[in-house]
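Sequence order for the protein chains is A and B.
Counting in the numbering used here, the first sequence runs from 912 upward without gaps.
Counting in the numbering used here, the second sequence runs from 57 upward without gaps.
Yeah, the Cβ is synthetic: ideal placement off N, Cα and C, and Gly gets one too.
The structure under discussion appears below in the form of structure tokens.
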Amino acid sequence: MDLTADFFSLFELPKSFRLNLSELDSRYRDVQAQVHPDRFAHGSELERRLSMQWATRANEAYQTLKKPLERAKYLLELAGHDLQAESNTAMPADFLIEQMEWREAVAEARTGGDHHELEHLHQRLAGDLRGRYDELGELLDECHDYPLATDRVRRLMFLEKLLHEIDDALASLDD
Amino acid sequence: MALFQIAEPGESAAPHEHKLAVGIDLGTTNSLVATVRSGLAVCLNDDQGRPLLPSVVRYHADGSYEAGYDAQKQQALDPKNTIVSVKRFMGRGLKDIAHLESMPYDFIEAPGMVKLKTITGIKSPVEVSADILKNLKLRAEAALGGELVGAVITVPAYFDDAQRQATKDAARLAGLNVLRLLNEPTAAAIAYGLDNAAEGVYAVYDLGGGTFDISILKLTKGVFEVLATGGDSALGGDDFDHRIFCWVIEQARLQPLSPEDARLLMMRCREAKEFLTLNPEAPITARLNSGELVDVKLDVASFAEITQTLISKTLQPVKKALRDAGLRVDDVKGVVMVGGATRMPQVQKAVGDFFRQEPLTNLDPDKVVALGAATQANLLAGNKTGKDDWLLLDVIPLSLGLETMGGLVEKVIPRNSTIPTARAQEFTTYKDGQTAMAIQVVQGEREMVADCRSLARFELRGIPPMVAGAPRIRVTFQVDADGLLSVTAREQTSGTEASITVKPSYGLSDDEIAEMLKASMTHAKDDAMTRALREAQVEAERMIEATEAALAEDPHLLSAAETEKIKATIAKLRETVAGDNRRLINIAMDDLGYETQEFAHRRMDQSIKRALAGRSVDELQALTPHGEEK
């Protein structure tokens, strides 16, 4: 085991998109319990540095694996599919039109101060995302169809951002 | 110290004596020191049995000073030389400080942090804080009968890097070994959680003398995980005093006041605030130097009215923290109240209404932070007893970023990231042949650099001349467990790597600290050299003890030759410890550090493997690809 091992290996978890999250939580805590700087506050300079590196790594790994989109991106990266390099590919027109419709609906609800409508959009989008993640799980874990998975991840990046904007709009109505 | 010495729960790390460690709550209004005695966290009182030390320092013409109640009593007589609420100035520039007009001090603008002109000389807020800390250190050493191994110092969770660094510098200046900077609400959660064996999501509402924090924590099986934190590092009980002060001036139609009169009236206002906690009406009377008599009455309803905006100012960060944690009000199982200012009935009512439950006030809001800090200090010093084995996962309160083109901020580490954390970002040049690049580090949530706090500015030089966009400059941010940042920049493509690590500009350099220490030593008649030698010897002995324990525990991780080598290096270190040459001791310690490096790595690997052992991949069922997001 070393600092450059991949995030799944760090927690001794299988390299798959479908992950038992409570298992991830408990392994993360087990690792932190061993390496956290609080265990070495009174240690030597080297021990403190090593512990900081390990704890930093464990935090990074946990944050990446915890969120489905980040986890998917990371799996693609491990499989040699760089999202960055492929980000110039244009998205299909129907997807973009759908996006514009979503955005118009959010903007309208936001300017109208329509809390109820925003909640409704949130629910609808969250439901849509669940279905897409199920599909992504199949593509990554069973079909190993990385090119198609890459396309799906790029769509999800749009949608997650949209969800974030709905939440922001809800938050600004709250204040 | 333990060389990756990991004890199983219930088993002590090694048979050793109890190490003296304390937790210090360095507050705006009052400070406290606490320790763990026979397994119980207790505050250490002064010789008159008082746990609090007013955070007030008065400087005299002969260079001496007094801190605490005596200084507090004199504040209206000598306001210019009696510094109160110095915490508000820590890591702050002149333009950051509110209500300057009602403060009696002679401020001096200095880079990064203001200074104060006193009769003793110019004092930085770091020095004033150090004088408070020294007082508590002496109190603790007298009570515990020995030198302290180290201290945990608490800071408001919402303190930024500048304020944290200033606090750490103050502790070093007071001669304290800082085991950790601990966030105040987290300290309170430790005290509360361990006392009540609490599980679930808790909110800690911490309104102190000068700062406000809200932290949302998840408590599970001995893990304290901070999910989000927020606050206002310039909002506290002082502001409630100030509201009363302004109200009185208006009611009594007072002319501008002298510094002495202003301080006197402010004291009366504070007393009135405290009086209103248990009474419906408070009289405010003061005979001013100008001869005027102030005589007004403030009732609870008017007090609530003039302070209503302050209270709603605290609820904004509460909402934001909940959102950041991805939670709703109903998810919060309990609300712990911390800080003297939470005694105000209108604060308790507002918090209760917001969370739709009665806030928890069963722990003394003045002491709870110090008690939690003491518990943490005890653990960090290595006094582990098994039953109180717990882990703390805290976050940074504010995002960290870099200035990019057009004065925009590129966020590198978002707020509420669990610490320690690191993140690297790549940048490039925008001109052909560009060989240097200015890097500006900022902290804050706004998009424009001008609206964030600038932490440091440095230049990366020696970039090989290339066409614009070709160099790859990797900037790495590392935040340690104290929430303190260091930044490294490196050009990747060229063989020649340039790198620099910066300490934010307001921080005191090691030389400055040494200089200040020397200056204070001449007053204290302490022999700095003897002290440094003794410290090196203690450190070396600790190192030997820990290395030998590690050798005994894990001999299988080393070859016979490696073991021999380490043993020989220990023997050499032992020789130097017997002598009185500090330099030789340090060299021998470095040697031992070098020789045990590989061993430490192997022990770390082994401990992680052990942590994960006994689990098998087959157990992993109940697959849930999402569901953590709300």
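- DSSP, reduced to helix, strand and coil, places B/Met493 within a strand of the structure shown.
- Assigned with DSSP and collapsed to three states, B/Thr242 falls in helix.
- For a Cβ distance threshold of 9 Å, nothing in chain A lies close to B/Asp386: the least Cβ distance comes to about 15 Å.
- Chain order gives no chain B residues near A/Thr915, where near means a beta carbon separation below 9 Å; the closest approach is about 13 Å.
- Your pair B/Leu447 and A/Arg940 checks out as a contact, with CB atoms roughly 7 Å apart and the cut at 8 Å.
- Nearest to A/His1033 by alpha-carbon distance, out of A/Glu1076, A/Tyr973 and A/His1055, is A/Glu1076.
- When the beta-carbon positions are compared, B/Ala90 and B/Ala437 stay at least 9 Å from each other.
- The Cβ neighbour count for A/Met963, taken over all protein chains shown within 10 Å, is at least 16; the residue is labelled buried.
- At least one C-beta of chain A is nearer than 9 Å to the C-beta of B/Ile475.
- Listed in chain order, the alpha helix (DSSP H) runs fully inside the stretch 396 to 479 of chain B are 401 to 411 and 424 to 436, counting runs of at least 4 residues.
- Collapsing the DSSP output to three states places B/Pro167 in coil.
- In the structure shown, B/Met393 adopts extended strand secondary structure according to DSSP, grouped into three states.
- Within the stretch 1040 to 1068 of chain A, the residues whose Cβ lies closer than 8 Å to some Cβ of chain B are Leu1040, Arg1041, Tyr1044, Asp1045, Leu1047 and Gly1048, listed in chain order.
- For A/Phe922, the nearest beta carbon of chain B is closer than 9 Å to its own beta carbon.
- Nearest to B/Asp646 by C-alpha distance, out of B/Lys628, B/Asp661 and B/Gly635, is B/Lys628.
- Residues of chain B with a Cβ closer than 7 Å to the Cβ of A/Asp941 are, in chain order, Ala667 and Leu668.
- Residues of chain A with a Cβ closer than 7 Å to the Cβ of B/Gln653 are, in chain order, Leu957.
- For B/Arg528, there is no enclosing beta strand (DSSP E), as DSSP gives it neither H nor E.
- Between B/Ala230 and B/Arg148, the gap from beta carbon to beta carbon reaches 9 Å or more.
- In the three-state scheme derived from DSSP, where H, G and I count as helix and E and B as strand, B/Met504 is classed as strand.
- By the CB criterion at 9 Å, B/Ala213 and B/Pro476 fall outside the cutoff.
- Chain order gives the chain A residues near B/Arg236 as Pro948, Asp949 and Ala952, where near means a beta carbon separation below 9 Å.
- For B/Gly287 and B/Ala397, the gap between their C-alpha atoms comes out near 15 Å.
- Closest in alpha carbon position to B/Pro336, among B/Ala342, B/Ser358, B/Ile600 and B/Asp317, is B/Ser358.
- Only Leu448, Leu449, Thr474, Pro476 and Thr477 from the stretch 448 to 477 of chain B bring a Cβ to less than 7 Å from some Cβ of chain A.
- In the three-state reduction of the DSSP assignment, B/Glu482 falls in the strand class, which pools E and B.
- In the same chain as A/Leu980, and ignoring 5 residues on each side of it, the C-beta atoms closer than 6 Å to its own belong to Leu1067 and Glu1071, in chain order.
- Cβ neighbours of B/Ala328 within its own chain (closer than 7 Å, five residues either side excluded): Ile300, Ala338, Ile340 and Leu354.
- In terms of CA proximity to B/Lys136, B/Arg319 leads the group B/Val468, B/Leu541, B/Pro167 and B/Arg319.
- The DSSP assignment places 256 to 263, 268 to 276 and 279 to 288 as complete runs of the beta strand (DSSP E) inside the stretch 252 to 330 of chain B, in order along the chain (cut-off: 3 residues).
- A contact is defined here as three or more CB-CB pairs under 8 Å, and the stretch 253 to 263 of chain B meets this definition with respect to the stretch 380 to 398 of chain B.
- The C-beta separation of B/Ile270 from B/Val374 comes to about 5 Å, placing the pair in contact by the 8 Å criterion.
- Within 8 Å of the CB of B/Ala437, the CB atoms of chain A belong to Ala952 and His953, in sequence order along the chain.
- Beta-bridge annotation (DSSP): B/Glu547 is paired with B/Ile529.
- With 16 or more other Cβ atoms from the protein chains shown falling within 10 Å of its own Cβ, B/Leu100 counts as buried.
- Nearest in C-alpha terms to B/Gly539, of all of B/Glu316, B/Ser473, B/Asp386 and B/Leu133, is B/Ser473.
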